[in-house]
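Reviewing the structure listed below.
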Amino acid sequence: MAKTKSRKKVSPSSNGVHSSIKRNDGIPFNTELFDGINVNKSAVERRAGSLGKRRSVKKQWQAAWLLKAIGFIDLTTLAGDDTKGNVYRLCAKAKSPVRQDILEALGMADVKIQTGAVCVYHNFIKHAADALGDSNIPIAAVSTGFPSGNIPLKERLKQIELSVAAGAKEIDIVISRDLVLNSEWKKLYDEVAACRRACGEAHMKTILATGEIPTYTKVAKASWVSMMAGSDFIKTSTGKEPVNATIPVSLVMLRTIREYQELTGYKVGFKPAGGIRNAKQALNWMILIKEELGDEWLNPDLFRFGASSLLGDIERQLEHYVTGRYSASFRHPLA
Amino acid sequence: MTVKEIYKTMAYGPAPESAQIANEFLDAHNRTFQLFINGQWKKPNSKSHFESINPSTKEKLGMIAEANSKDVDDAVGAAKKALPGWSKMSGHKRARFLYAIARQVQKHSRLFSVLESMDNGKPIRETRDIDIPLVARHFYHHAGWAQLRDTELPDHKEIGVIGQIIPWNFPLLMLAWKIAPAIAMGNTVVLKPAESTSLTALLFAEICEQVGLPKGVVNIITGAGETGAALVNHKDVQKIAFTGSTNVGKIIRRATAGTGKKLSLELGGKSPFIVFEDADLDSVVEGVVDAIWFNQGQVCCAGSRLLVQESVAEKLYKKIRDRMETLRVGNALDKCIDIGAIIDSTQLKNIKGLVQKGVDEGCTIWQPSWACPKDGYFYPPTLFTDVSPSSTIAQVEIFGPVLSAMTFRTHKEAVKLANNTRYGLASSVWTENINLALDIAPQIKAGVVWINCTNVFDAAAGFGGYRESGYGREGGKEGLYEYLKPKAEQNLSSKPIARSTKKTKSSSNGAMTGNGIDRTTKMYIGGKQARPDGGYSTVIKDLEGNYVGEVSTGNRKDIRNAVEAAHKCTNWGSKTGHQRAQVLYYLAENLAIRQEEFSNRIVQMTNCSNAAANEEVESAIERIYTYAAYADKYDGAVHHTIHRNVTLAMPEAIGVIAIACPEQYSLLGFISTVIPAIAMGNKVIVVPSETAPFSATDFYQILETSDVPAGVVNIVTGGKDELAQVLAKHDDVEAIWYFGSKEGSKDIELLSADNMKRTWVNFGKYRDWSDKSLGEGQEFLKHATHIKNIWVPYGA
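Protein sequences, first through last, are from chains W and S. Using this note's numbering, read the first sequence as starting at 3 and increasing by one per residue. Using this note's numbering, read the second sequence as starting at 289 and increasing by one per residue.
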């Protein structure tokens, strides 16, 4: 009776660098594609509010999802007091994020589990490269006058070039919020496109800093412009704004990613960052991705978390699954 | 599945909510439940029990007592006995009980949620996050109304014993909607849950015991249709509140006709979900999910007719189909599903039958690629496109997860399609243009309009329908009146009102006497004096048999013409209150000029004293002033509902109202009924006093000279009951007021059932129209309007 449609079976790829996804080359600037956008805030928040309550992953499903979450983490340190020492520690953790005995108990000892990337300031790229060795974990560097972005474009581009030259495989750039606030979309497009050119082979994650964008409609428009200009990822926050990644703002961005893909065929990645501290939050984001974009996006090439303390909580939850006992953070090696 | 396998597929797994505590509750009762009557658990006189089934698993949950008419009699008796104590209790004391119930529901919220999901098949997410919190909210809100009744509603009192019959789709929530306002206002109740979902009502009865609610205030009797019929027909029940199907609603309307029982009915719907091209389409998709895949679509206000502007239709359909693919159907206790089980095999069969009908009629069906589980009564979400208004699935309430989509071209066409239904419960309007939203909302014939949202509820806002979706409101201040009556009504008389009379010389012996030129009295239809279709006239005599004049004998065709004329008039309801007030003041002014003539007419027809007649005309003028005053002051409210939402409760004109005037007070009775109706923007077809019609027919000359648009007031003279019955049977008349005999009242209520028009009848009682407490006021305006709640969420 029912006319049915077969759905493409897509299994998320295992952890690897820029493997399976055709890179977003961007499209010419065209305001028609986003002029009509009008995001209804209340409706978005209603959907965002019920999403985490419509889905739940428990038991072995939860363990598997949390292991998968680790591969999405851009393990990050972006502090004024970063040193070679703590960056080394971070990289060691990125390579071996979960205690081996736990992986064995989960039947996952033979699967390579490591974080999606490590994310550092430019000055620490070299140390990170030394520490990561041949692990193939990419180094992401924040760039372009992070976190405010308020330095001359020329210097921003120079920063990108230097970071790429130093070995960064991924560049997290920040956009000029004033251009968003004043709706100077063409100028924003040109800036982001210039950054993309400066990135060369390195993948570019464009931070919208949504906590400083006043409406969801502008978040959606900024997402469109960033994707048109060739961003590989769009990212919510620097982690330094008053409001970090939220589910509603992520929902707005994901919907633009979906539309952009339908229009151009390019799959753009998504990275929420800031305030993602526990396993439950990570699961909610993954549910959001699975629901809105599908399993294909549950893939480090298309989805990352910007997080520093999330991994610790995931480790504790995994140990709890294995032992049935609530775990303590001192039982897991520090990042 | 191993962790490694899941790691590869990233599939969802089962996430069951534990049923342990609910099962312990059932086991503690040996899975057999009795009737809750007078605060005690009683075995049914029928000695029989029936099964309650878990629709997700088809497993038996327990045995439910079947109440027979003896049990109903006991329950009503208990409620009657409890009434004096409960209604005399201070509002504050009643408030404490309602508050305690709210707290107790919250304390046991998970047990209620789990039990409800097991018994009904609706997802635990919904019972946990929507149904049960709303139940507690309803009792909190009405605890407040109990506290405030005497201050806020000093002119009203409780009705008495209320019989309440609720459906299976929101078992505990509907119980709360019924019981909370009823007992808050001082009534006592006998409630019958639907036979397939009695369990949470029985758990609720235990809560009533726990909080020490006085015995007999709440009685819960379980059973099927026969039990409900016994309750409806019980002589000591003063009001029936029913939520359920339109068919059963009509049966109840007929069964209670003429008994004097008050009635509120919340019935079926085929609610439109209107999407304009500037809507946030991704949000619309989630709105559709909330509209038709909430509670498996078994929702009376489900947005089951999707009306999309042509320019975005294909785009939206694609988005909806993609979204449907990701919906999950499964056991109601699974925390990882969107859609649970259909209530039972009968309902599932109905849904399948109607879907097949849609396919047979050439509509395009779309269902997701995955299959539903087989162990329960499941049905997949279904979208029909290429549906036309004439398709069965566009007209009939499916009460399942089936959406029928149609397109429109213009705003006007959207409204036309939206209103192209016998129902009028709810509607949803999606646009980012506030101008458009607020333009469309008042044009939709439905009791609820949700702007950019859907299926949103709150205790502070009224819910209820237009047309065959029933009448009465639940929630908000407007809902309280369903459980109250005006104190003044105790002064209605069973005998005609005595008026001072005078003797006239009975010289004529009924012969036609004239002083001067013969006066031809016509009817007044569409702003024109009209001769009767039948060509007959009736002689009117005074009380002593003297000839007064001749009046046109109206028939059903005159009624038909009058109703058509009323509908043609489109520039009355759209006037501002101020503009209508101007017209009414002008009427009063012109009546005052001819005061003496109208007074003489009253004397001539009714033999009352000159003083009494003069007083009647004076009162009529004053009464017109009253409603001219109200015309721009009887306004609505902004309800305190949910976060970031303006909920507008707007009194709206009902539309076309038929009025059969009282026999006494030929002028004042006419004015007291017609003027409040038109002051609110209605158009009326009036059948004046049969024995003294000339006050009304004289009045059309005043209507003609006072800027009243054609068709606002239409006067058809003749046999009152005969004409009123034609009006009661007319499908394009939306309400009927009847002031006549007891039998006539019964006929009107009986005949009105077919299109569920609102009725207001006097059951043969007499109203002293010169008494302001009975002859004018907000009670009249309430009958002349219904409240539409418009939900406007905001946020930039």
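The C-beta atom is built at its ideal place from N, Cα and C for all residues, glycine as well.
Minimum C-alpha distance to residue i - residue among the options
i	options	result
M406 (chain S)	S:K607, S:A355, S:F458	S:F458
A747 (chain S)	S:G764, S:Q452, S:G758	S:G764
G232 (chain W)	W:G277, W:K207, W:I75, W:N246	W:K207
D841 (chain S)	S:T634, S:P481, S:T1005, S:A702	Reading off the sequence, residue 841 (chain S) comes out as Thr, not Asp. Out of S:T634, S:P481, S:T1005, S:A702, S:T1005 has the C-alpha closest to the C-alpha of T841 (chain S).
P774 (chain S)	S:H429, S:P442, S:S757	S:P442
I728 (chain S)	S:A749, S:T698, S:F745	S:T698
T939 (chain S)	S:Y915, S:Y812, S:I1078	Sequence inspection shows Pro at residue 939 (chain S); the Thr mentioned does not correspond to that position. P939 (chain S) has its Cα closest to that of S:I1078, out of S:Y915, S:Y812, S:I1078.
P964 (chain S)	S:V1014, S:G924, S:W1025, S:Y988	S:W1025
Y123 (chain W)	W:D174, W:S98, W:N152	W:D174
S310 (chain W)	W:Q102, W:K70, W:T117	W:T117
R609 (chain S)	S:K538, S:L555, S:V690	S:V690
N138 (chain W)	W:Q64, W:I115, W:E106	W:I115
M968 (chain S)	S:I1003, S:G1065, S:E766, S:A776	S:G1065
V194 (chain W)	W:I72, W:A170, W:W226	W:W226
G1085 (chain S)	S:S1058, S:T488, S:V423	No information on residue 1085 (chain S) is available, as it lies outside the stretch 289 to 1084 that chain S covers here.
A133 (chain W)	W:W67, W:W63, W:R91	W:R91
E756 (chain S)	S:L831, S:T789, S:R541, S:P455	S:R541
P1081 (chain S)	W:V46, W:I39, W:Y262, W:I29	W:V46
Proximity test, Cβ basis, 9 Å: residue i and chain W
i	result
T290 (chain S)	yes
C741 (chain S)	yes
M298 (chain S)	yes
R413 (chain S)	yes
S559 (chain S)	no
Y1054 (chain S)	no
Residue i, enclosing beta strand (DSSP E) - first and last residue
i	result
S552 (chain S)	550-554
A1023 (chain S)	1023-1026
K214 (chain W)	According to the sequence as given, residue 214 (chain W) is Glu; it is not Lys. Careful: E214 (chain W) lies outside any beta strand (DSSP E) and carries neither H nor E.
P939 (chain S)	933-941
K480 (chain S)	476-480
G275 (chain S)	One cannot answer for residue 275 (chain S) here, as it falls past the ends of chain S, which runs 289 to 1084.
Q817 (chain S)	816-818
K773 (chain S)	772-774
K97 (chain W)	Element bounds for K97 (chain W): not the beta strand (DSSP E) but the alpha helix (DSSP H), 86-97.
Residue i, enclosing alpha helix (DSSP H) - first and last residue
i	result
T78 (chain W)	Where T78 (chain W) is concerned, there is no enclosing alpha helix (DSSP H), although the beta strand (DSSP E) it sits in stretches over 75-78.
S334 (chain S)	Run containing S334 (chain S): none; DSSP gives neither H nor E here.
N956 (chain S)	Reading the sequence as shown, one finds Leu at residue 956 (chain S) and not Asn. Here the alpha helix (DSSP H) through L956 (chain S) covers 956-967.
Y605 (chain S)	598-614
S165 (chain W)	155-168
E884 (chain S)	883-894
Residue i at chain S interface by Cβ criterion, 9 Å
i	result
W63 (chain W)	yes
K5 (chain W)	Because K5 (chain W) carries a pLDDT of 41, less than 50, the predicted location of this residue cannot be relied on, and the following value inherits that uncertainty. K5 (chain W) counts as touching chain S.
P216 (chain W)	yes
N26 (chain W)	no
S8 (chain W)	Since pLDDT at S8 (chain W) reaches only 42, below the 50 mark, its modelled position is unreliable, and the value read off the structure follows with that caveat. So, interface residue.
D297 (chain W)	yes
G326 (chain W)	no
S329 (chain W)	no
Assumed close pair residue i, residue j - CB separation to whole angstroms, cut-off 8 Å
i	j	result
V182 (chain W)	I215 (chain W)	6 Å
V851 (chain S)	H1018 (chain S)	6 Å
I959 (chain S)	R882 (chain S)	Rounded, the Cβ-Cβ distance is 14 Å, inconsistent with contact.
K368 (chain S)	V449 (chain S)	5 Å
R616 (chain S)	I625 (chain S)	5 Å
D566 (chain S)	T719 (chain S)	6 Å
Three-pair Cβ contact test at 8 Å for the segment 301-311 of chain S versus the segment 393-409 of chain S
yes
Contact between the segment 648-662 of chain S and the segment 78-90 of chain W (3+ Cβ pairs under 8 Å):
no
Measuring CB atoms only, is the segment 1005-1024 of chain S touching the segment 868-879 of chain S, in the sense that at least three cross pairs come out at less than 8 Å?
no
Please list, in chain order, the residues of the segment 104-115 of chain W that have any C-beta partner in chain B closer than 8 Å.
No chain B is present in this structure, whose protein chains are W and S.
Given 8 Å as the limit, is there contact between the segment 390-405 of chain S and the segment 325-340 of chain S, that is, 3 or more CB pairs closer than that?
no
At least three beta-carbon pairs within less than 8 Å, the segment 705-715 of chain S to the segment 731-745 of chain S:
yes
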